[in-house]
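Student:
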Amino acid sequence: MQELIKKLQDEIAALEIEFRIELPREILKARAHGDLKENAEYHAAKERQGMVNARLNQLNGRLREISMIDITKLPRDRVGICSEVVVLDVDKDKKVKYTLVTSEEVDAAKGLISTSSPIGRSLLGKRVGDTVHIQIPGGVREMEIVELKTIHDLAKGGLVKE
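If you read the sequence shown in this note's numbering, its first letter stands for residue 946, the second for the next number, and so on.
1) Within the continuous beta strand (DSSP E) that includes glutamate 986, where are the two ends?
2) On the three-state DSSP scale, how would you describe arginine 1023?
3) Restricting to Cα atoms, I'd like to know which of Met1013, Leu1004, Met996 and Thr1047 is closest to glutamate 956.
4) In three-state DSSP terms, what is glycine 1084?
5) Going by DSSP in three states, lysine 1106 sits in which element: helix, strand or coil?
6) Assuming leucine 1033 contacts glutamate 963 under a Cβ cut-off of 8 Å, what Cβ separation, rounded to an integer in Å, is found between them?
7) For the candidate residues Ile1026, Arg1007 and Asn998, whose alpha-carbon lies nearest to that of lysine 1094?
8) Alpha carbons only, please: which of Ser1048, Arg1000 and Ala990 is nearest the one belonging to leucine 949?
9) Jot down the residue ranges of each uninterrupted alpha helix (DSSP H) in the stretch 1021 to 1076, minimum 4 residues, whole runs only, in chain order.
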């Protein structure tokens, strides 16, 4: 989770520089060209300024949310954020490993799925041995949880910094 916080902080820092230094310079430069009604550079800079401001607000809100997660209150025997879960796809008789992450960290090719995805939502709060029915675009899948490592297990092994 520390990596995510650092990633968000880095993006915020870069956008702050753009918002507070670079864009005001561009706007001043564009204003010097005269009539603002037909000044494409001015309108583009103002539009970019609005987009950067919106993204900054979004990132700062997300950083606040993530910072408020109390890892000590996350379950030790149930699927939660940062859990590694191995499920058996009952229909295909195939094991699949997922790691539940925040929406910023999603990488389906690496098995990193969001806690808000259909699979992630279905797995949250479940234990080893539980069977879940997951509604996906292709229909309903039945999966059994066969292995679970929570954030606490991963932190002990040094894989996750609390």
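The beta-carbon is built from N, C-alpha and C at its ideal position, and this holds for glycine as well.
Owing to the predicted nature of the structure, the values given are computational and were not obtained by experimental measurement.
Tutor: Result, derived from the coordinates:
1) That residue, glutamate 986, is in no beta strand (DSSP E); its alpha helix (DSSP H) goes 985 to 1012.
2) coil
3) Leu1004
4) strand
5) Bear in mind that a pLDDT of 46 at lysine 1106, under 50, signals an unreliable position, so the number given afterwards is only what the model happens to contain. Lysine 1106: coil per DSSP, three-state reduction.
6) Not confirmed; about 48 Å, so no contact.
7) Ile1026
8) Ser1048
9) 1063 to 1068
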